[in-house]
Amino acid sequence: MFPKGTALVTGAARGIGKTTALRLADDGFDVSVNDIAHNSEALAKVVHEIQAKGRVSSAHVADVSLEDQVRGMVEVVKTYGRLDIVANAEIAGNIPVAEMTSDKWDHVMDVNAKGAFLCYKYAGMQMIKQGNSGRIIGASSIYGKQGGAVNFAYTASKFAIRGLTQAAALEFGLHGITVNAYAPGAIDTDMCQ
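Taken in order, the sequence shown gives residues 5 to 197; the numbers are from my numbering.
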């Protein structure tokens with residue numbers, strides 16, 4: 005069966021990212037999955053699950069907060085011939101403001117807000133080069149609409165994704181690329197435990 009297209013899902017070793025990757029495979033997409041080195045064993049299992057569905061899949065271990073690694077991840081996906089969908093999943097950061105250090109703040113903001121920016125940027129550039137439309141999907145949260153206690157950096161990062169998504173939608177929309185973000189409430193994943 006010919007694929008509907010090629011998707012790249014970040015944070016795909018577990019939780020929402022994994023579920024998104026498997027659903028895209030069920031829907032007929034070849035799916036490239038990404039996560040950090042610490043999660044590479046779980047990521048390899050996701051690749052096998054996607055391949056068992058008859059889809060092409062590969063793992064790309066990269067840190068979405070590092071520009072060179074995101075650029076490389078998107079370039080590797082070009083071996084599929086095109087990039088049609090990019091879906092992002094991020095990390096939690098449930099730390100009360102009094103316990104929030106600059107390092108913890110930076111980590112949550114780097115992965116969630118900067119990571120989304122870099123994925124949007126390089127996916128959008130690739131989709132524009134291809135000359136066809138594409139879909140970019142970001143991971144916001146209910147906390148991107150209304151702040152929550154004990155979610156200081158996480159809330160700020162999710163508000164950032166909301167604004168980034170709206171701005172990217174206006175810019176990339178001129179090229180037929182849609183940019184949206186989902187904003188779920190709490191979902192029972194290991195990240196919420």
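From the three backbone atoms N, C-alpha and C, an ideal C-beta is built for every residue, glycine too.
query                                                                                                                                   : result
Taking all protein chains shown into account, decide if ASP39 is buried (16 or more other Cβ within 10 angstroms of its Cβ) or exposed. : buried
Please report whether the beta-carbon of THR24 lies at a distance below 9 Å from any beta-carbon of chain B.                            : Although the question refers to chain B, the structure presented lacks it and comprises just one protein chain.
Classify ALA172 as helix, strand or coil using the three-state DSSP reduction.                                                          : helix
Expressed to the nearest angstrom, what Euclidean distance is found between the alpha-carbon atoms of GLN197 and GLY142?                : Low per-residue confidence applies at GLN197: pLDDT is 46, beneath 50, and the placement is therefore not dependable, though the value from the model is reported in the following sentence. Whole-angstrom Cα-Cα distance: 22 Å.
Cα-Cα, which of LEU12, GLY180, PHE6 and LEU168 is closest to ASN92?                                                                     : LEU12
Between the C-alpha atoms of MET195 and GLY58, what's the straight-line distance to the nearest angstrom?                               : Caution applies to MET195, whose pLDDT of 49 falls short of 50 and renders its modelled position unreliable; the model cannot decide the point.
Which one of GLY19, ILE95, ILE89 and VAL37 has the shortest CA to CA distance from ASN155?                                              : ILE95
Roughly how many angstroms lie between the CA atoms of ASN98 and ALA160, to the nearest whole one?                                      : 12 Å
Indicate whether GLY9 and ASP34 have their beta-carbon atoms separated by less than 9 Å.                                                : yes
Rounded to a whole number of angstroms, what is the C-alpha to C-alpha distance between ALA117 and ALA164?                              : 6 Å
Using the Cα positions of GLN55 and LEU26, report the straight-line distance between them to the nearest angstrom.                      : 10 Å
Which first and last residues belong to the beta strand (DSSP E) in which GLY138 is found?                                              : 138-143
Give me the DSSP bridge partner(s) of SER61.                                                                                            : VAL35
Can you say whether PRO7 is buried or exposed, counting buried as having 16 or more other CB atoms within 10 angstroms of its CB?       : buried
Measure how close the beta-carbons of ALA120 and LEU87 come, nearest whole angstrom, since I'm counting them as under 8 Å.              : 16 Å between Cβ atoms; not a contact.
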